[in-house]
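Peer 1: This is the structure I want to talk about, given as structure tokens.
Numbering (the numbering used here), first residue to last: 17 to 760.
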């Protein structure tokens with residue numbers, strides 16, 4: 017045991033670091049020589065001396081000491097606990113306290129108190145972990161203390177300065193799986209440590225035996241899933257493909273204490289001062305999960321690392337050793353070392369590093385995605401303000417959500433951990449906290465089964481949608497439009513792939529994708545219809561609804577998806593009868609694109625082409641024809657009230673129309689008299705007959721009608737132009753003949 021420990025050094029040899037700790041982790045070279053005798057610095061010096069006395073006491077204790085009636089032990093124990101919870105312990109304190117807590121010199125009450133006081137102020141030396149693990153070989157500490165040690169090790173894993181020697185103890189940690197009580201926490205630790213070289217057949221057999229003995233435990237499934245990603249040929253059993261919460265949060269005071277210390281700190285800790293990657297990086301924030309967004313140096317001795325930087329780079333380029341990510345600064349370095357790059361244990365640091373995100377896009381290492389999803393899921397669950405009681409740090413959580421969203425945009429792929437978080441948190445969400453960030457995350461939900469999306473996404477979102485403001489409704493529609501766009505883009509990217517890993521894991525066939533997209537479109541159609549009634553067909557809301565259907569109308573040609581769904585009547589007719597020309601013009605463009613897609617589908621069906629071959633339902637063509645009849649009847653032939661055949665359309669008996677006392681009711685909605693177009697008609701009359709002040713709209717007919725059309729086109733109503741020229745034979749034929757004469 018002694019040979020595995022590093023030689024102990026007196027505390028005085030670490031005076032520089034302890035001085036930095038005394039000042040809260042901040043070292044100012046210009047002011048370090050000055051002696052500030054402020055009340056605050058005097059208190060710091062007093063705490064410094066008390067901590068050194070306590071550490072010296074615990075280091076020198078030899079025999080078993082009882083806590084009862086031992087005032088000296090009680091005093092030093094209270095000192096360590098108070099300082100640890102208030103400011104955190106310096107790196108030098110962990111070796112002493114871990115050794116005494118695991119050596120069995122004290123009762124479990126004292127050892128428990130010491131372990132719960134191990135709150136880092138900056139980093140934890142790896143040598144302290146190795147030294148403490150050696151005590152587990154002797155077995156002098158109880159199983160409860162061992163269990164508490166593993167919980168602590170998992171909690172502070174990201175604060176350990178580097179982990180090469182800890183990785184070498186993988187087999188030793190694996191042996192603790194036989195303890196049923198410790199098994200979940202050992203699996204958690206192994207999950208954080210596992211590399212491809214750690215996956216061995218005998219370990220897989222051991223995990224399978226434990227699964228047979230204990231049943232389908234989530235922690236065993238987690239480790240087996242990671243093993244299967246590294247070596248699928250060795251793990252042949254079928255495992256649940258969907259990400260879920262594999263590990264429970266470790267009970268203990270450490271996370272709360274760490275967060276409290278970070279909030280009170282006025283300066284960056286050594287962990288928050290990484291070797292920056294490439295260009296300037298933002299300063300690390302105070303919370304632990306934000307600290308992990310930056311990659312820490314792999315050694316606490318920064319000076320030695322800087323001195324050997326050039327030599328290390330030369331050695332790394334010339335050998336097969338793994339390339340440390342803290343030295344990755346340029347894109348050429350990434351290209352030259354892409355096959356021997358080792359990701360940091362702090363997976364959160366990947367989110368803010370473009371080079372590592374490029375690596376994820378290039379390599380498609382599923383173990384990296386699994387680790388990142390695990391870390392992100394744990395962080396989202398622990399920090400969500402409306403899921404965790406007394407969490408008042410919404411602004412920091414908002415920044416974190418923004419970081420996750422930007423990483424998903426960079427990768428063009430949604431995280432399954434975010435999907436899981438949204439499914440759990442949306443039923444509890446008030447629609448106000450972090451609104452923008454939550455709705456952005458919704459736009460990147462990966463493809464999954466409809467039953468899950470309906471109960472976990474659509475239902476809670478609909479409740480908020482109907483009871484919230486107009487602006488919230490528009491934000492939700494914009495988010496769902498982006499979700500649809502991302503799904504369609506994903507389909508285009510993977511169209512030629514024989515079997516994409518995500519497709520296989522989700523069991524998503526083409527028909528499954530079509531069903532998912534169809535359900536989303538139908539859901540948006542339903543909430544849009546209700547919202548227009550609630551908001552009195554407001555133009556602002558109608559714009560976002562029609563913007564969604566601009567994506568829907570081109571799913572066949574633009575995104576190669578054999579699907580076309582018409583908007584519901586509750587959306588179509590408010591747009592057709594809108595008093596705003598923008599909405600009418602937008603509807604005309606949408607109907608033009610529907611026609612283009614349906615014609616292409618019909619031609620492919622008749623020519624029996626294999627590409628994009630799909631037979632649309634006759635109901636789709638029937639509904640489109642009903643809408644076109646209504647539009648042409650309104651805008652052109654003035655027969656909408658007679659010819660509209662849609663069940664929810666404009667058809668009305670002539671006797672009923674006469675009772676309205678509206679003169680020329682037949683032409684009420686053509687391109688001259690339509691409420692959305694009447695303003696253009698007035699301006700046209702002013703230009704064509706400047707001396708006429710009667711505004712006689714009946715003058716716009718014959719040749720003047722064609723002039724009026726050209727005037728409308730010149731005003732930017734391109735959607736109206738495309739619709740009329742594609743759907744009305746008279747103008748379409750005239751345009752073609754005019755084009756033919758020009759060519760001749």
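C-beta: ideal position from N, C-alpha, C; glycine also.
1) Are residue 69 and residue 103 close, meaning C-beta to C-beta below 9 Å?
2) Spatial neighbours of residue 148 within its chain, please: C-beta separation below 6 Å, excluding the five flanking residues on both sides.
3) What residue range is occupied by the uninterrupted alpha helix (DSSP H) comprising residue 186?
4) Measuring only the C-alpha atoms, how far is residue 636 from residue 667?
5) Return the residue from the list 508, 388, 229, 445 that minimises the CA-CA distance to residue 576.
6) Assess, as a yes-or-no matter, whether the stretch 613–621 is touched by the stretch 587–605 under the definition of 3 or more beta carbon pairs within less than 8 Å.
7) In three-state terms, what does DSSP make of residue 339?
8) From 660, 578, 643, pick the residue whose C-alpha is nearest to that of residue 620; which is it?
9) Is the stretch 94–108 touching the stretch 121–139, taking contact as three or more C-beta pairs under 8 Å?
10) Between residue 190 and the rest of its own chain, which residues show a CB-CB distance below 7 Å, the 5 nearest in sequence each way excluded?
11) What do you reckon, are the CB atoms on residue 144 and residue 107 nearer than 9 Å?
12) Under a Cβ-count criterion, where at least 16 other Cβ atoms within 10 Å of its own Cβ denotes burial, should residue 335 be classed as buried or exposed?
13) Within 10 Å of its beta-carbon, does residue 638 have 16 or more other beta-carbons around it, so buried, or fewer, so exposed?
14) Please report the straight-line C-alpha distance between residue 175 and residue 151, rounded to a whole angstrom.
15) Evaluate contact between the stretch 597–609 and the stretch 721–740, counting only Cβ atoms and requiring at least three cross-stretch pairs below 8 Å.
16) Does DSSP put residue 578 in a helix, a strand or coil?
17) Give the list of continuous alpha helix (DSSP H) stretches no shorter than 4 residues that lie fully inside the stretch 485–565.
18) Residues in the same chain with beta-carbon distance under 8 Å from residue 642, minus the five sequence neighbours each way, listed in chain order, please.
19) Enumerate, from N- to C-terminal direction, the unbroken alpha helix (DSSP H) stretches of 4 or more residues contained entirely within the stretch 672–740.
20) Which residue marks the beginning of the alpha helix (DSSP H) containing residue 97, and which one marks its end?
21) Taking three-plus beta-carbon pairs below 8 Å as touching, is the stretch 557–574 in contact with the stretch 693–706?
22) By Cβ distance, which residues of its chain are closer than 8 Å to residue 160, with the 5 residues on each side in sequence left out?
23) DSSP three-state label for residue 105, please.
24) Just the C-alpha distance for residue 186 and residue 158, rounded to the nearest angstrom, thanks.
25) If you check the beta carbons only, do residue 670 and residue 658 fall under 9 Å apart?
26) When the Cα atoms are used, what is the spatial distance from residue 18 to residue 153?
27) Just how far apart, CA to CA, sit residue 783 and residue 390?
28) Are the CB atoms of residue 371 and residue 347 nearer to each other than 9 Å?
29) Can you tell me where the alpha helix (DSSP H) with residue 633 in it begins and where it stops?
30) Taking 9 Å as the cut-off, decide whether the C-beta atoms of residue 547 and residue 497 are in contact.
31) Give the straight-line distance between the Cα atoms of residue 707 and residue 686, rounded to the nearest whole angstrom.
32) Decide yes or no for the touch test of the stretch 198–212 against the stretch 229–246: beta carbon pairs closer than 8 Å, at least 3 of them.
33) Tell me, please, which residues DSSP counts as bridged to residue 357.
34) Please report the straight-line C-alpha distance between residue 396 and residue 437, rounded to a whole angstrom.
35) Put residue 370 into one of helix, strand or coil per three-state DSSP.
36) Nearest to residue 481 by alpha carbon, out of 649, 502, 446, 462?
Peer 2: Taking the coordinates as given:
1) no
2) 114, 118
3) 186–190
4) 21 Å
5) 508
6) no
7) strand
8) 578
9) yes
10) 206, 219
11) yes
12) With a pLDDT of only 43 at residue 335, under 50, the local geometry of the prediction cannot be trusted, and the value read off the model is given with reservation. Result: exposed.
13) exposed
14) 21 Å
15) yes
16) coil
17) 486–509, 517–522, 526–550
18) 660, 661, 662, 665
19) 694–704, 719–730
20) 87–102
21) no
22) 124, 128
23) strand
24) 21 Å
25) yes
26) Interpretation of residue 18 is limited by its pLDDT of 41, a score under 50 that renders its predicted location unreliable; the figure taken from the coordinates is listed afterwards. Their Cα atoms are separated by approximately 12 Å.
27) Any property of residue 783 remains undetermined from this structure, which presents the chain solely from 17 to 760.
28) yes
29) Careful: residue 633 lies outside any alpha helix (DSSP H) and carries neither H nor E.
30) no
31) 25 Å
32) yes
33) 339
34) 7 Å
35) helix
36) 446
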